[in-house]
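Enquirer: Can you read through this structure? Questions will come right after.
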Amino acid sequence: MSVVLIALLAVPLAGAVAAMALPRRSEGDHEPDLRWFGVGVSGLTLALALVLAASFDYGRAGRMQGEVDVPWIPGLDLRFHLGVDGISLPLVVLTALLTFLCFLYLVRHRPETGRFRALVFTLLVLEVGMIGTFLALDLLLFFVFFEIVLIPMYFVIAVWGGADRRAAAVKFILYTLLGSAVLLLGLLLVWSGTGTLDMVRLAEAHGQGMARGVQIVAFLAIGAGLAVKAPMWPLHTWLPAAHTEAPTVGSVLLAGVLLKMGTYGFARIAIPVLPEGAAAVAPWLGAFAVAGIVYGSLACLAQRDLKRMIAYSSVGHMGFVLLGLATLTPVGINAALFGNIAHGLITGLLFFVAGGVKERYGTAQIARLGGGMLGRLPYLGSLLTFACVASLGLPGLAGFWGEMLALLAAFDPAPGLSRPLFLTFMVIGGVGTVLTAAYFLLMLSRVTHGRPDEPTAAGPPPSRAAESLEPWGEPAEPWDETSDPWHLPGRPGEPAGDHADEPAGERAAERGGGHATVPAGQHADERVGERVGGAADEAAGERPGDRVDERAGEPLVATAESGEQPRVRVPDELTAGAVTTAAATGAPVPQAAELAGVPVEPVAGEAAAHPAHPARLWDVTPYELAAWTPLVVLTIVLGLWPKALLALTDPAVRAFLGAP
Amino acid sequence: MIQSIDYAAIAPPLILAVWAGLVLLLDAFLPRGPRTPALLGAVTLAGVLAALGAVVAQAVRATDMETFCVPPISPAGHPSCSFVVDGLTLVFGGIVLATGVVVVLLSAAQLADRSIPAGEWYFLLLCTLTGAITLPASRDLIMLVVALELASLPVFALAALKRYDARGSEAALKLFLVSVISTAVMLFGVSLLYGITGSVHLDRVGAGLSRPGALPDSAFGLAGSGGAPAGVLTVAVVLVLAGFAFKVAAVPFHLWAGDVYQGAPVPVAALLSVISKAAGFAGLIVVLTIALAGQARLWAPIVAVLAALTMTAGNLLALRQRQAVRLLAWSSVAQSGYVLAPLGAGRASAGAAIAYLAIYAAMNTGAFAVVMLVGRGRERTTLDDYRGLAFRSPAAALALAFFLICLAGLPPGLAGLFAKIVVFREIVDGGLAWLAVVMAVNTVIGLYYYIAWTARLFTPDPVPAAAPGRLPARPVAVAIGVALAVSVAFSVAPQLVLSAVG
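Note that the protein sequences, when read in sequence, are chains A and B.
Numbers given in my numbering equal positions in the first sequence, counted from 1, plus 284.
Numbers given in my numbering equal positions in the second sequence, counted from 1, plus 3.
Have a look at this one:
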């Protein structure tokens, strides 16, 4: 079994080295084709994790198993001490699983910035750090692994991230590094108080050898370091930016695993090793936790970006985890560990789906998604709905148990903690669950429900819109002015045709410039034809003038958008033809005329009168489905059978807390 | 009185000194040819390697050696020696000579454009190395000062050796003035110590100062019964500290670093930032832990405050730099602060400081070597010149990234991380919580600029790279390889250095 532990670290590490060492496939290639290589290495790691889970002695889940203990640096008392128990096993499996799913997802969804080899390398190193953190049983070794993840994650955000990636990456690394520095001081304080770095012995000692004051200081230092990572309100501000800007796989691993390293540290180090410090600080921890729950939910209500909303929802969910920890009872800590796993699965799924949405629509702005996803993309819409419902804690799904048990634990906190205070926390946390449900349902109602073609009211305010319209105000191509059936004055004082052909230009510009999801030239023609037909029927009942006015506002969104880098990816099988239509965003109008105007000349204006979204989006691809299904299944399984996980964590938690 | 000389003990400095003379003679008598500088470089390299071999041989023998001894005062006592080869001497000798190898290799590239006379350069380099390895072995005040001057003086000339280079001359002049002042200050402190104790040997100074009744209490600034010399010891300690603070570029004597590092040729900057600094710290550690061991409560707080100020000032200055060498200059000031910090804990052993210094030497030398490779004779390199280096020369970029991450103290640069942990542990153990917090904050500031530089390496560069410099790359590549090998070794097995310093 100890061999498996070593292999869990050695395989991804060797894979990372091999990824850099592999030669190019042929002269023409920039780098070797590593898509299946990454899947293979991470799959092997997952297999090892499953072997570990299979060989785990569930009768002794509270004890460390498969320990490896060799001195590494005697001068620092640093031992290469690994082991696995009921607390770390699920997290190790979760890590291996999520990394594997990320690689599976990447097979068909490569980052548009390229440099795939470097991404494989980075993700594999990240995996070493994450698994190592959960296996380490030496305080300094834990710290080393805890730090190893930082640089790869920095590069994942900074190289493959969104438009604001640089600032987000810097914020991420500075925040977490400051936390790490404080964490290191706390760990060294523990070491200087007890003279050992062995986490097992420290946990068994239950804080003996350290005065109460020292314990409080050490808990504050270690807790602050872990709270940045977790993240605990008010140290969470790095998280929304990092999650929003990171590429899909980065967001998944960040939310799914990296945040867990913080809460795992609480459960594994801070609370068992420093019981008196924990007891003194727990009320504050609880207060910050519920503040995080409420704050996260309220912030979510105000978000316009899907990924940002999910990021803030993580703050709320980790608030529940921290609340569970703050109660210092076996129930609470079990709740926290359960919430960890559940959040890893569900938020991983949410970020996968949100990444898929962003890939298809070219944006994750809720307002611009335009509703009706269930109608337009039934599978994707359903998965999004499922993930949201799981995340809001619907009974029967995994998200429910962590929150419910955390609230239950707050009802009856550990002796020595103020019960009325924790009852208050429980009530506030309960309000938080309602708010959580509120924002998820509100988002779902905006995104998945409604009629697919129904334009959304929420857009940039008209004044800004008019401004940004100005450069486009002049009719660049008067080609369809005469053929426009909605030849009505849109705004006084301007040529009538403007508004109508404006959206047409925009729409096609989008298609050409990157929001294009329409595959190839000839397909595009068909599609526009189809759409125009349908649109005419639909629009028949409406007052034409309204329609045009509405549409006049539409391109603004797109105009504003066209300043950004178009960052859309089309699945490879669809890309072939679309490449030819990819036009520079700077000069889209002539292209627009060609593309949209030529085949449907007589009704071009009608086509224009439709939302800026491309007509047909592809639904869930097989690779996405393969990557997401395990998460869905596990969410349901853990929701229906929570005991599977709780039976694993409970003995270890009781052993730590010295509870019967 | 006849002193016996143990030639085995003084072999390393002796080899270097003889080699320095040899190089000067070769330069004078060899026919001038196109290959003369390369030949002189090879001879110098052989000399440094021979001295390194002697140090290794001494380390293998594993017994302390002493020479230039005077008989003990009392018949039962131990003789006091001026030159001692012990663990400290060997570790510093190793640091200095290993860095010396890299500096010689960098010099070979630097001298290739013939704007600097090779013979003088190598002669001066060997002289400064001689001084730098004699210093940690010195156990009397006079030898200490002589060795320190031997290590310092040739560096001014090295900085100014590039003819018709105003920047280099300015650097040399600044360095000269600062160094002369610091020497004067230190000599004054040293003479006070001699005056108080009547001895130049450090062990006797230490014994004299801690003998009960040897000093009036008022020397500590406490209310005491004795009269004179009130506060003399304090003044002496402060002056000695100030003298060394100049050498290691500690606050408030750090202001010369930026201009001098940038004005001097890159090999000299590397030498200043590692070898001169190591020499300064060796002297400081020897004086503090032997002569002033009993006065820790007097100097420890001063050193701790100096450390905190030094690391903060260095990091804040480095934060705004746009030029590679200046950034390294200020960051090496900050690193001096980290080396000083464990001394501020006032322990008898300086193991943590030496361990940090050894690891710092490897990674900082490496960073300078890559800067040399990228600059290769260009006037200056800004950080933006490193943009996209990973795509132009991946090996150099990866090496530099590793060195910078080491300096930042993050995995995978484990050497730097462990070095910081050693220092943190010493501070926390010594009860200096405030210093630990200051250092933690500083670590993060340092991380920011190291990471920002590292990130540039991997950012694609829209502008085509500037033309490569005109100096040869091969010796620099070897130098980088040496530094990288040592840094990786320290990362995987920091025990190498931790066990050496005890």
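Glycine included, each C-beta is placed from N, C-alpha and C at the ideal position.
1. Does the beta carbon of leucine 413/B come closer than 8 angstroms to any beta carbon on chain A?
2. With 16 other CB atoms within 10 Å as the buried threshold, where does aspartate 2/B fall?
3. Examine chain B for any beta-carbon lying closer than 8 angstroms to the beta-carbon of isoleucine 290/A, and answer yes or no.
4. Going by C-alpha to C-alpha distance, which of Leu375/A, Arg703/A, Gly656/A and Ala294/A sits closest to serine 729/A?
5. May I ask you to list, following chain order, the residues of the segment 354-371 of chain B that have a beta carbon less than 9 angstroms from some beta carbon of chain A?
6. Alpha carbons only, please: which of Val474/A, Lys544/A and Leu658/A is nearest the one belonging to glutamate 560/A?
7. Is it true that the segment 912-925 of chain A meets the segment 19-37 of chain B, where meeting means three or more beta-carbon pairs spaced less than 8 angstroms apart?
8. Within 8 angstroms (strictly less), CB to CB, does proline 358/A reach chain B?
9. Using the C-alpha atoms, what's the distance from glycine 317/B back to leucine 543/A?
10. Would serine 185/B and phenylalanine 126/B qualify as a contact pair, given that the criterion is a beta-carbon distance under 8 angstroms?
11. Relative to the alpha-carbon of alanine 111/B, which residue among Ala79/B, Val46/B and Thr92/B has its alpha-carbon at the smallest distance?
12. Residues of chain B with a CB under 8 angstroms from the CB of leucine 424/A: which are they?
13. Closest to proline 463/B by C-alpha separation, out of Gly549/A, Ala442/A, Leu469/A and Pro697/A, would be which residue?
14. Apply the 10 Å Cβ neighbour rule to aspartate 589/A and answer buried if 16 or more other Cβ atoms are within range, or exposed otherwise.
15. Buried or exposed: where does alanine 931/A fall if 16 or more other Cβ atoms within 10 Å of its Cβ makes it buried?
16. Would you kindly report the start and end of the unbroken beta strand (DSSP E) that includes phenylalanine 364/A?
17. Under DSSP, the alpha helix (DSSP H) around glycine 350/A begins and ends at which residues?
18. Tell me, please, whether the segment 285-293 of chain B touches the segment 84-101 of chain B by the rule of three or more beta-carbon pairs shorter than 8 angstroms.
19. Quick check on phenylalanine 71/B: does DSSP put it in helix, strand or coil?
20. Rounded to whole angstroms, what's the CA-CA distance from isoleucine 119/B to alanine 20/B? Just pull it up for me.
21. When you compare each of Trp124/B, Leu147/B, Leu435/B and Ile8/B to leucine 27/B by their alpha carbons, which one comes out closest?
22. Can a CB atom of chain A be found closer than 8 angstroms to the CB of arginine 428/B?
23. Hey, which unbroken runs of the alpha helix (DSSP H) at 4 residues or more fall wholly within the segment 593-651 of chain A?
24. With a threshold of 16 other CB atoms inside 10 Å of the CB of leucine 924/A, please say whether the residue is buried or exposed.
25. Which of the three DSSP states, helix, strand or coil, is assigned to alanine 562/A?
26. Measuring only the C-alpha atoms, how far is isoleucine 333/B from serine 279/B?
27. What number of angstroms, rounded off, separates the C-alpha of valine 148/B from the C-alpha of leucine 190/B?
28. Does the contact criterion of 3 or more C-beta pairs under 8 angstroms hold for the segment 584-600 of chain A versus the segment 530-550 of chain A?
29. Could you work out which residues of chain B lie near alanine 442/A, taking near to mean beta carbons separated by less than 9 angstroms?
30. Does threonine 384/B get closer than 8 angstroms to chain A when you measure Cβ to Cβ?
31. DSSP puts glutamine 326/B in a beta bridge; with which residues?
32. Should phenylalanine 418/A be flagged as near chain B, meaning a C-beta pair shorter than 8 angstroms?
33. Check whether the Cβ of proline 475/B sits closer than 7 angstroms to any heavy atom of the ligand GTP, and report yes or no.
34. Please identify, using Cβ separations under 8 angstroms, the residues of the segment 462-477 of chain A that lie next to chain B, in order along the chain.
35. Hey, how far is the Cα of methionine 494/A from the Cα of valine 409/A?
36. Give a yes or no on whether 8 angstroms exceeds the smallest Cβ distance from valine 428/A to chain B.
Expert: Well, looking at it:
1. yes
2. No answer is possible for residue 2/B: it lies beyond the span of chain B, which begins at 4 and ends at 505.
3. no
4. Gly656/A
5. Gly354 and Ala358
6. Val474/A
7. no
8. yes
9. 33 angstroms
10. no
11. Val46/B
12. Ile424
13. Ala442/A
14. buried
15. exposed
16. 362-368
17. No alpha helix (DSSP H) holds glycine 350/A; the beta strand (DSSP E) holding it covers 349-357.
18. yes
19. strand
20. 22 angstroms
21. Trp124/B
22. yes
23. 614-645
24. exposed
25. helix
26. Isoleucine is not the amino acid found at residue 333/B; the sequence shown has tryptophan there. Roughly 15 angstroms separates the two Cα atoms.
27. 8 angstroms
28. yes
29. Ala458, Phe461 and Thr462
30. no
31. Thr385/B
32. no
33. Only the bare structure without any ligand can be found here, which leaves the ligand GTP out of the picture.
34. Leu462, Ala465, Val466, Leu468, Leu469, Leu472, Leu473, Trp475 and Ser476
35. 36 angstroms
36. yes
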